[in-house]
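If you want this note's numbering, it's the 1-based position in the sequence shown plus 28.
Take a look at the structure below.
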Amino acid sequence: MIARLKYLLPLLLLAAAVWYWLTPHYSKEDEAYYVSVFCAIHHDDSRRFVADMRTVIEGGNSDYALQKIHFQPRLGQQVVDAWQGLSAAQQAQVRADAGQCRSLLSAALN
């Protein structure tokens, strides 16, 4: 029993460390940036949200930029999922007011 525990415990710790390392972690700054981009795009076609966000984020890179911003599809999808989780009345508020959009989506992400 002790011998089995001797091997099982480090294996479980290693598995937990690998799981934590592979799970994406986004900064609050990245989340706020993606929410702002989402609030700036048109909300006519929900199938184009992620593609429109990619266009805005990667299209803002200059050809001569040393550090180019790359689109993170998982974070973009999280923002879209947060928007789709809002009620119809909240979505109407989001379409009408960009400030309300940022506050509602930021609250929904957290």
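Just so it is clear, CB atoms sit at the ideal spot from N, CA and C, and this is done for glycine as well.
Every value quoted in this text rests on a predicted model; they were computed, and no experiment measured them.
What do you get for residue i, buried or exposed, if any count of 16 or more other CB atoms within 10 angstroms of its CB means buried?
i           : result
residue 46  : exposed
residue 58  : exposed
residue 111 : buried
residue 80  : buried
residue 37  : exposed
residue 132 : buried
Between residue i and residue j, what straight-line distance do the alpha-carbon atoms span, to the nearest angstrom?
i           : j           : result
residue 103 : residue 125 : 22 Å
residue 116 : residue 35  : 53 Å
residue 90  : residue 97  : 10 Å
Sort the options by Cα distance to residue i and report the nearest one.
i           : options      : result
residue 128 : 40, 39, 64   : 64
residue 84  : 107, 109, 62 : 62
Please confirm whether residue i and residue j have their CB atoms less than 8 Å apart.
i           : j           : result
residue 66  : residue 86  : no
residue 101 : residue 78  : yes
residue 137 : residue 108 : no
residue 60  : residue 134 : yes
> Pairing CB atoms from the region 71-80 with CB atoms from the region 37-52, are three or more of them under 8 Å?
Replying inline: Inter-segment contact for the region 71-80 and the region 37-52 is absent: fewer than three beta-carbon pairs are separated by less than 8 Å.
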